[in-house]
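Reviewing the structure listed below.
In full-length UniProt numbering, the protein residues as written are 1 to 410.
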């Protein structure tokens, strides 16, 4: 029996769908099924009504020079200041002389007012708040930055790789985030630290492709007998350094949605919950770029003595053009649950599985969860004409190579 058929049969026979609740103590998903499963809610959906945050304020204009006041200016200003005081006194006197209005008894509450208020749906902009409750503060800050940004996205996979936006222009400077992510924080996660150390190994830095990339970037700055600092040549700009001198990288894990899909398809009960690093960066790369290199007297040979290591990542909600929109879990304002039927919807092409669900049988704001996919953020983006995809750069570290890399130019 296929995965989608299994979940379809379960939903039809029991009106209950198995789901997984995050167990933060054991750091794994806890399966809830049978009478403890969740039920579909058809009369509500994820809200996108909340207005976007205000755009960042533009820089303040330069202050104008202060004009020195003459005696005539001071007299006129004094008269102007007295006028509002006189008007305020007149209004106060009129208020004192006005008789009190007759009091009216309050109308009895109507049956409509006594009705229980409808449950407010989750607004998509509440997800960062839930992330904070799930110990994902960095993920929350990055998502809030995306909501607050001006409209910026790449229409195609190729445009995204080239950082070209919907207007056919390079991403604006404010769509490069150079401050939010620190390498020290990333390296607190063992899987990232392992790739960071692996990238420094000589066999990784001297693959045929890496050596060819080094030869290509260094040939542009060949100077007989010179020692170069690549970052100085780029005026301290890490984005330019990446474009001109990056030559190798190491990948770290998969995206938030991909981790959920892997869990669903393998059905590994002990699979871990995506953490703040996954929520913030998803799958990302640690890059190596030239730091210092020395050319011999004839500039026929270059010796790379140290490298810069840093992280670069695209913060985006793009889907591959030939794939279903990535499932990101069912969310409410406090937590996230994983509904396998919704995860299998892209395989079985059953759109009804994308409904919200209620857990524990009680319909309340705490117990209704809403399906969220990459396309949910794209829909919000088109509706409000806001939401900015952006590029993340961490800070960098300069690492001296125990054994320098020799590059020979033909």
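Beta carbons are placed, not taken as given, at the ideal position from N, Cα and C, and that holds for glycine.
| Query | Result |
| --- | --- |
| Name the DSSP beta bridge partners of residue 227, please? | 294 |
| What's the gap between the Cα of residue 139 and the Cα of residue 23? | 19 Å |
| Quick check on the DSSP output: the beta strand (DSSP E) that includes residue 243 runs from which residue to which? | Counting along the chain, residue 243 falls outside any beta strand (DSSP E), though it belongs to the alpha helix (DSSP H) covering 238 to 245. |
| Excluding five sequence neighbours on each side, which residues of the same chain lie with their C-beta closer than 7 Å to the C-beta of residue 412? | The structure shown does not extend to residue 412, since the chain is modelled only from 1 through 410, so no value can be given for it. |
| Mind reading off the beta-carbon distance from residue 336 to residue 19? Whole number of angstroms is fine, and I expect it under 8 Å. | So it is not a contact: roughly 11 Å between Cβ atoms. |
| Using 10 angstroms around the beta-carbon of residue 2, count the other beta-carbons present and answer buried if the total reaches 16, otherwise exposed. | Residue placement at residue 2 is flagged as unreliable, the pLDDT there being 41, under the threshold of 50; the coordinate-derived value follows with that caveat. Residue 2 should be labelled exposed. |
| Assign residue 408 to buried or exposed, taking buried as 16 or more other Cβ atoms, counted over all protein chains shown, within 10 Å of its Cβ. | exposed |
| Please classify residue 37: does DSSP put it in a helix, a strand, or coil? | coil |
| Three-state secondary structure (DSSP) at residue 387? | coil |
| Please report the distance separating the alpha-carbon of residue 155 from that of residue 166. | 6 Å |
| Do residue 276 and residue 135 come within 8 Å of each other at the CB atom, strictly closer than that value? | yes |
| Where do the N-terminal and C-terminal ends of the beta strand (DSSP E) with residue 306 fall, by residue? | 301 to 315 |
| Let me confirm a value: residue 184 is counted as buried when at least 16 other C-beta atoms fall within 10 Å, else exposed. Which label applies? | exposed |
| Beta-carbon within less than 6 Å of residue 381's beta-carbon, same chain only, minus the 5 sequence neighbours each way: which residues are those? | 387 |
| Quick one, which of 197, 40, 181 and 329 has its alpha-carbon nearest residue 363's? | 40 |
| Between residue 15 and the rest of its own chain, which residues show a CB-CB distance below 7 Å, the 5 nearest in sequence each way excluded? | 39 |
| Look at the alpha carbon of residue 9 and the alpha carbon of residue 142, and state the distance between them as a whole number of angstroms. | With a pLDDT of 42 at residue 9, under the threshold of 50, the modelled position of this residue cannot be trusted, and the question is left open. |
| So, is residue 328 buried or exposed, given that buried needs 16 or more other C-beta atoms within 10 angstroms? | buried |
| Please say whether residue 213 and residue 249 have beta carbons closer to each other than 8 Å? | no |
| Which of the three DSSP states is assigned to residue 186 in this structure? | helix |
| Taking a contact to mean a Cβ-Cβ separation below 8 Å, would you say residue 405 touches residue 206 in this structure? | yes |
| Can you have a look at residue 35 and say buried or exposed, based on whether 16 or more other CB atoms are within 10 angstroms of its CB? | exposed |
| Whole angstroms are fine: how far does the CA of residue 283 sit from the CA of residue 267? | With a pLDDT of only 46 at residue 267, under 50, the local geometry of the prediction cannot be trusted, and no value is derived from it. |
| Helix or strand or just coil, what does DSSP make of residue 127? | helix |
| When DSSP labels each residue in this structure, what does residue 401 get in the three-state scheme? | strand |
| Would you kindly work out how many angstroms separate the C-alpha atoms of residue 394 and residue 125, rounded to a whole number? | 25 Å |
| By the 10 Å Cβ neighbour count, where 16 or more other Cβ atoms means buried, how is residue 223 classified, buried or exposed? | exposed |
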